[in-house]
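J.: If you're matching positions, the sequence shown starts at 11 in this note's numbering and goes up one per residue.
Yeah, the Cβ is synthetic: ideal placement off N, Cα and C, and Gly gets one too.
To start, I am sharing the structure in question, which I have written as structure tokens.
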Amino acid sequence: MTFEELRVLMADVFECDPAQITPDATPNTVVAWDSLRLLDLLLAIEQEANVEISPERIEEMMSVPAILAIVNEAKAA
């Protein structure tokens with residue numbers, strides 16, 4: 011998954027302007043990034059990228075780079 015693909019998905023799930031999703035975005039920089047929407051994002055990523063990500067990994071999904079790493083790791087598995 012590329013950053014642009016993730017940006018579009020995050021903006022859709024978080025119901026925000028894609029411009030708010032920067033390469034270094036975190037829950038501190040995106041107002042709508044909360045635990046419930048993060049779970050929604052995990053499910054959307056699994057569907058969009060056709061991968062399975064352990065729910066335990068959600069605690070690690072606290073930045074755009076971390077999310078991309080987790081998704082791409084799951085795709086490589």
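(1) What is the rounded straight-line gap between the Cα of T3 and the Cα of M71?
(2) Could you check whether the Cβ of A54 sits closer than 8 Å to any Cβ belonging to chain D?
(3) With L78 and F13 assumed to form a contact (beta carbons below 8 Å), what rounded beta-carbon distance in angstroms separates them?
(4) Okay, do the region 13-28 and the region 40-57 touch, 3+ Cβ pairs below 8 Å being the bar?
(5) Go ahead and label V9 buried or exposed: buried means 16 or more other beta carbons lie within 10 angstroms of its beta carbon, across all protein chains shown.
T.: Taking the coordinates as given:
(1) Outside the modelled stretch of the chain, which goes from 11 to 87, sits residue 3, for which no answer is possible.
(2) No chain D appears in this structure, which consists of one protein chain only.
(3) Contact between L78 and F13 is confirmed by a C-beta separation of about 7 Å, below the 8 Å threshold.
(4) Segment contact: the region 13-28 against the region 40-57, three or more CB-CB distances shorter than 8 Å; contact assigned.
(5) The requested residue 9 is not part of the displayed model; the chain covers only 11 to 87.
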